[in-house]
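Participant: In the numbering used here, the protein residues as written are 433 to 888.
Yeah, the Cβ is synthetic: ideal placement off N, Cα and C, and Gly gets one too.
Fair warning: this is a prediction, and the values are worked out from it, not measured in the lab.
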Ligand SMILES: [Zn+2]
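1. Can you tell me whether DSSP reads residue 374 as helix, strand or coil?
2. Going along the chain, which residues put their C-beta within less than 6 Å of some heavy atom in ligand 1?
3. Have a look at 556, 870, 547 and 641 and flag the residue whose alpha-carbon is nearest the alpha-carbon of residue 726.
4. Quick check: what's the CA-CA separation for residue 876 versus residue 843?
5. Can you tell me whether residue 823 is buried or exposed, with buried defined as 16 or more other CB within 10 angstroms of its CB?
6. Just mark residue 734 as buried or exposed, buried being the case when its beta carbon has 16 or more other beta carbons within 10 Å.
7. At what residue ranges does the region 768-838 contain a whole run of the beta strand (DSSP E), taking only runs of 3 or more?
8. Using only CA atoms, which one of 881, 886 and 888 lies nearest to residue 457?
9. Determine the closest residue to residue 817 out of 863, 788 and 826, with distance taken between C-alpha atoms.
10. How would you write the range of the alpha helix (DSSP H) that residue 849 sits in, first residue to last?
11. So for residue 902, helix, strand or coil by DSSP?
12. Please tell me whether residue 637 and residue 776 are closer than 8 Å, where the distance is taken between their beta carbons.
13. With DSSP run on the structure shown, which of helix, strand or coil describes residue 748?
14. What separation, rounded to the nearest whole angstrom, lies between the Cα atoms of residue 564 and residue 683?
15. Over what stretch of residues does the alpha helix (DSSP H) that includes residue 515 continue unbroken?
16. Just list the residues that DSSP pairs residue 528 with in beta bridges.
17. With distances taken between CB atoms, is the gap from residue 790 to residue 756 smaller than 8 Å?
18. Could you tell me the distance, in whole angstroms, from the CA atom of residue 581 to the CA atom of residue 559?
19. Could you say which of 513, 567 and 604 lies nearest to residue 497 if we only look at CA atoms?
20. What residue does the alpha helix (DSSP H) around residue 725 start on, and which one ends it?
21. Would residue 520 and residue 544 be called neighbours here (beta carbons separated by less than 8 Å)?
22. Specify the secondary structure class of residue 633 as computed by DSSP and reduced to three states.
23. Taking a contact to mean a Cβ-Cβ separation below 8 Å, would you say residue 671 touches residue 815 in this structure?
24. Looking only at its chain, what residues have a beta carbon closer than 8 Å to the beta carbon of residue 507, apart from the 5 residues adjacent to it on each side?
25. Which stretch, first to last residue, makes up the beta strand (DSSP E) that contains residue 541?
26. Apart from the five residues on each side of it in sequence, which residues of its chain come closer than 7 Å, Cβ to Cβ, to residue 502?
27. Could you tell me whether the region 625-643 touches the region 602-613, using the rule of 3 or more Cβ pairs below 8 Å?
28. Taking the alpha carbon of residue 632 as the point to measure from, which residue in 699, 660 and 879 has its own alpha carbon closest?
29. Output the distance between the C-alpha atoms of residue 489 and residue 858, rounded to the nearest integer angstrom.
30. Please tell me whether residue 526 and residue 676 are closer than 8 Å, where the distance is taken between their beta carbons.
31. Could you compute how far the alpha carbon of residue 597 sits from the alpha carbon of residue 653?
32. Report the start-end ranges of each alpha helix (DSSP H) in the region 604-667 that is 4 residues or longer and not cut off at the edges.
33. Decide if residue 712 is buried, meaning its Cβ has at least 16 other Cβ atoms within 10 Å, or exposed.
34. Hey, quick one: how far does the alpha helix (DSSP H) through residue 741 stretch, first residue to last?
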């Protein structure tokens, strides 16, 4: 009995020692990341020296070169580019919408074309608008839609406490609204922007067509303008709306995932991925979406190296290509993993903004035992801001890896301000807070370290 007690004390002591060593190491990670601010400096470079990085654009290729050079500058990181075929959409030269009230008073709308939408032609599309709030209403009024421009006025519900939920449900009009309206003869659509902001910036984002119906122009307008248009409808005055856009696809080309890798010392064939996407929309610098996720992932490698950490497993930071309007980078990463029979243990994506860390989520299909193991690290993470690890979602670029048995997860910062700037011209470097961005990287680095050390 005495022996057993001694043994128990020894085990507890050893456990506490491991915990102590881990908390000390995570503190060091934090000191390096918060103290030196590498991720923030890199974000400034990406946003200010390169700028918007629409898939296939000159800046996207410049960003790939920048990413590869940044990895090469880290001693001990192997760099490579992973090519992927990309479709190349461009906005073109016109992005304009207005209303003519009673044939004379012009009301200009701050509007922008939705990503992957087709242009209106030089003359634009002019028609009477019809205000639709829901798809049920569209079905009820389908006879009235022919020859009109449908204005989808669905608002991201402010009573929804989690903005990502509001984005998910309201986003259907942006994603599929054009073809739903074209089915009943609409000649164009414009949506109320998916935004939680109080300004009037229009927010773009990807849409797609159903090939069975005409590919009509599709745009988004700012929230203040949307309210203005609603008031015009209420006034009952006759009006026409004009949409002028110039979106089109150029010939396909080849982009690249940019990969920086530290080889594992004990289990080099077990891969841990941490990433964000390097492409952005063309309206802004893509600072939160997703420059932040890229520089945080780079920071994870940088901090581990600076502390002389030798990972047991292979740790890869990946700057994914084409997340916004195609997903070719994530697709290729998955296909290559399958082709090469790679063993992917864990993948973490940061693509929810560079805000104050709150938690991590894992895909809903993760077994409870693996989730519990991650949750057991919460006491080590909570001093740095992460309070929850639960089921929810992972990340668009890594989600497919689930099929290989990988535990896929997403970094979850505070989301209250994300949709103020998401896909809008206000997603610029100045709107990223240095401490919040870096603290996110601290938690990501800590989690990667723990998964590397203890496996899953
Ligand atoms: Zn994104």
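Facilitator: The answer reads as follows:
1. Since the first and last residues shown for the chain are 433 and 888, residue 374 lies out of range.
2. 709, 721, 722, 755 and 783
3. Taking each of 556, 870, 547 and 641 in turn and checking the Cα distance to residue 726, the smallest one comes out for 870.
4. 7 Å
5. That one is exposed.
6. buried
7. 775-781, 789-794 and 820-823
8. 881
9. 788
10. Taken as a continuous stretch (DSSP letters only), residue 849 belongs to no alpha helix (DSSP H), as it is neither H nor E.
11. It is not possible to answer for residue 902, since the shown part of the chain is limited to 433 through 888.
12. Between residue 637 and residue 776, the C-beta gap is not smaller than 8 Å, which leaves the two residues out of contact.
13. strand
14. 35 Å
15. Here residue 515 belongs to no alpha helix (DSSP H); instead the beta strand (DSSP E) covers 510-522.
16. 676
17. no
18. 6 Å
19. 513
20. Following the DSSP letters along the chain, one finds residue 725 inside the alpha helix (DSSP H) bounded by residues 724-738.
21. no
22. coil
23. no
24. 737
25. Counting along the chain, the beta strand (DSSP E) containing residue 541 begins and ends at 537-541.
26. 474 and 730
27. Enough Cβ pairs lie closer than 8 Å, so yes.
28. Closest option to residue 632, Cα to Cα, is 660.
29. 20 Å
30. Closer than 8 Å, so yes.
31. 21 Å
32. 604-614 and 655-667
33. buried
34. Run containing residue 741: none; DSSP gives neither H nor E here.
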